[in-house]
Amino acid sequence: MLRIPLANIGEDGVDIDAVVVVDELRPEGVEALPVAEAQVSGTLEEVGGDFLFQGNITGSFESTCDRCLKPAALPFDLEVAWNFERDPKGAFEEAGLKFDEDVDLSDSAVCRPIVGDEIDLGPHVWEELGLAVPFKFLCREDCPGLCAACGADLNLGDCGCPPAEQVEGSGDGVRAFAGLAALLPELTGEKAAETKAPKAGDN
Numbered sequence: 447m448l449r450i451p452l453a454n455i456g457e458d459g460v461d462i463d464a465v466v467v468v469d470e471l472r473p474e475g476v477e478a479l480p481v482a483e484a485q486v487s488g489t490l491e492e493v494g495g496d497f498l499f500q501g502n503i504t505g506s507f508e509s510t511c512d513r514c515l516k517p518a519a520l521p522f523d524l525e526v527a528w529n530f531e532r533d534p535k536g537a538f539e540e541a542g543l544k545f546d547e548d549v550d551l552s553d554s555a556v557c558r559p560i561v562g563d564e565i566d567l568g569p570h571v572w573e574e575l576g577l578a579v580p581f582k583f584l585c586r587e588d589c590p591g592l593c594a595a596c597g598a599d600l601n602l603g604d605c606g607c608p609p610a611e612q613v614e615g616s617g618d619g620v621r622a623f624a625g626l627a628a629l630l631p632e633l634t635g636e637k638a639a640e641t642k643a644p645k646a647g648d649n
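Each residue of the sequence shown is one higher than the one before, counting from 447 in this note's numbering.
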């Protein structure tokens, strides 16, 4: 799907429009990305003996909101332009760098060497997605999160706690654990009974 034989690239190039399962692009031993599928669209064409892909990668990162713990989907539209070199040595020299024939260039940021008789866009799609993963997931920018006092979801309305106790808009990631004792009283009661010190004379 993302492997294009060089022989198939004519004067007008090759149009790419494919929906890919992102996890199928994941290198061995690398952590999965928070995106199930991505659409890759664009054109791969020959330019001066080398090849240029210009297009977009679209989809949606999906995780839990860092504030309220509800599902959060963050759409993305990445514009990309990748140049694939027939002559990686020439590309290095043009950039003023020393070329080492023993170095694996498959992950090089200087050039994307053509391996064999085809171009594989998959590794480059994975790389772009990895760089685009947001540092923070929010269901919406103004998500108030959970009340730090009682654990209520403030997106559903005021919980009744004093504003000073709600600590609105702060403590992302930590606030999620606040108020759990109030939400799970039966568990906290059992735990207290288990840890209660025995009275004198009890056996």
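Just so it is clear, CB atoms sit at the ideal spot from N, CA and C, and this is done for glycine as well.
Query, Result
"Residue environment, ASP512, which counts as buried when at least 16 other CB atoms sit within 10 Å", "buried"
"Where the alpha helix (DSSP H) through GLY488 begins and ends", "Careful: GLY488 lies outside any alpha helix (DSSP H), inside the beta strand (DSSP E) at 483 to 493."
"Between the CA atoms of CYS607 and GLY617 - distance to the nearest angstrom", "Any reading at GLY617 must be qualified, since the residue scores a pLDDT of 48, below 50, and its modelled position is unreliable; no value is offered."
"Supposed contact pair LEU490 and SER506 - C-beta distance, whole angstroms, cut 8 angstroms", "So it is not a contact: roughly 25 angstroms between Cβ atoms."
"Reduced DSSP category for GLY524 - H, G, I as helix; E, B as strand; rest coil", "Here the sequence assigns Leu to residue 524, which means Gly is not the residue at that position. Note: LEU524 maps to strand in three-state DSSP."
"Of the residues CYS593, GLU573, ASP496, the one placed nearest ASP564, counting alpha carbons only", "Just to set this straight, residue 564 is Glu in the shown sequence, not Asp. Of the listed residues, the one whose Cα sits closest to GLU564 is ASP496."
"CB of VAL571 within 7 angstroms of CB of ILE503, strictly", "yes"
"C-alpha distance - GLY475 paired with ASP469, whole-angstrom precision", "12 angstroms"
"Presumed contact (8 angstroms Cβ cut-off) between LEU479 and GLY576, rounded CB distance", "6 angstroms"
"DSSP beta-bridge partners of PHE507", "LEU520"
"Cα-Cα separation between VAL467 and PRO609, rounded to whole angstroms", "45 angstroms"
"Residue span of the alpha helix (DSSP H) that contains PRO451, given as start and end", "Looking at the DSSP string, PRO451 is not in any alpha helix (DSSP H); the run it does join, the beta strand (DSSP E), is 449 to 451."
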